[in-house]
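Enquirer:
In the numbering used here, the protein residues as written are -1 to 152.
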């Protein structure tokens, strides 16, 4: 059973400055939900493809359109899927990005060399072992992103 879409692409919630694009494998919906919860608690608006009405066969186009409308992006990369294309394109649109990966008792991510070689992954990534660590990484990142944004505006 597919989750009900909440938004139309024509009526996106929040503003560019308050939107956080969240990408990850929809085989791990609880992680996307956990990330979205922290984003909301920190005063931002979570933007995830699963929350929008997207015509079948148009996912790539619409996901990139969503990404472009957000100042901040968070990529959960533990299970590689469609978010890899979005991660690659994020470099063109926004510098404020966090890449997350499940440590699974490892010090290095069990993800492909292609992802590890991404400039955005190299710039800002965090591993986590449990939900608490995941939430802490997201909250810390968003605080840092807010401070960077405020510094640029002054």
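We treat Cβ as the ideally placed atom computed from N, Cα and C, and that holds for glycine.
Pull up the distance between the alpha-carbon of residue 131 and that of residue 67, whole angstroms please.
Expert: 28 Å
Enquirer: Please confirm whether residue 140 and residue 24 have their CB atoms less than 9 Å apart.
Expert: no
Enquirer: Would you say the beta carbon of residue 86 is closer than 8 Å to some non-hydrogen atom of the ligand COA?
Expert: Here there are no bound small molecules, and the ligand COA is not part of this structure.
Enquirer: Excluding the five sequence neighbours on either side, which residues of its own chain have a C-beta within less than 6 Å of the C-beta of residue 125, listed in chain order?
Expert: 99, 101
Enquirer: Less than 9 Å separating the beta-carbons of residue 64 and residue 88?
Expert: Here residue 64 is not near residue 88, since their CB atoms are 9 Å or more apart.
Enquirer: Tell me which residue opens and which closes the beta strand (DSSP E) that residue 64 is part of.
Expert: Note, residue 64: premise wrong, no beta strand (DSSP E); alpha helix (DSSP H) at 57 to 66.
Enquirer: Buried or exposed, going by whether 16 or more other CB atoms sit within 10 Å of the CB of residue 17?
Expert: Residue 17 is buried by the Cβ-count criterion.
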